[in-house]
Structures are given as C-alpha cells and as structure tokens.
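In the working numbering, the protein residues as written are 38 to 120. Read the structure below first, then the notes.
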C-alpha cells in the first residue's frame, strides 16, 4: 500500500514559520528530516518534490472532455485529494 504525505502551506503559514525563533524552526525541520531518513532506510520512500508557489498554480477540471482552467491552487471544498 502506498500513501501520500502532503504538507499544506500558504503565505500566512510561511510567514508564521519564518517568524519562529531559529531553534524552533531547526527542531521542526529536524523532525521532518528524520521522517524522510526513516522512510529511505526502510525502502518506503518513493518520491518527494516541492510544488511551485501558489501564485503559479492552477486547477484543471472538466467534464465531457472539456478542460476548465481556474486560478488555483485550491479546489472547491466539496472536492478532495484521491491519489
């Protein structure tokens, strides 16, 4: 079974993170890096990529073979990530 781990961040959350003391940010990043190391060691790591800034993202949806492009990155609340 495979899982996806998503880290949701927006501009306000980024500003808040950057306003934390250096040692608090370092502690949080150390935990994140430990998780990555553990996944690699167990052979469970598949891939990891950073996404573009939210200002560069779009949502593409459609029905009947017609794509609909809207500014993103957030889909409507009734939609969910499924894979």
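All C-beta atoms, glycine included, are put in the ideal place defined by N, C-alpha and C.
Sorting 44, 87, 97, 96 by C-alpha distance to the C-alpha of residue 65 places 44 at the top.
Just so you know, the alpha carbons of residue 88 and residue 95 end up roughly 12 Å apart.
Between the alpha carbons of residue 105 and residue 93 lies a distance of about 17 Å. Taking 4 residues as the shortest admissible run, the stretch 51-79 contains the following complete alpha helix (DSSP H) segments, listed from N- to C-terminal end: 59-78.
The alpha-carbon of residue 81 is positioned some 8 Å away from that of residue 75. Secondary structure note for residue 100: its beta strand (DSSP E) is the uninterrupted segment 95-100.
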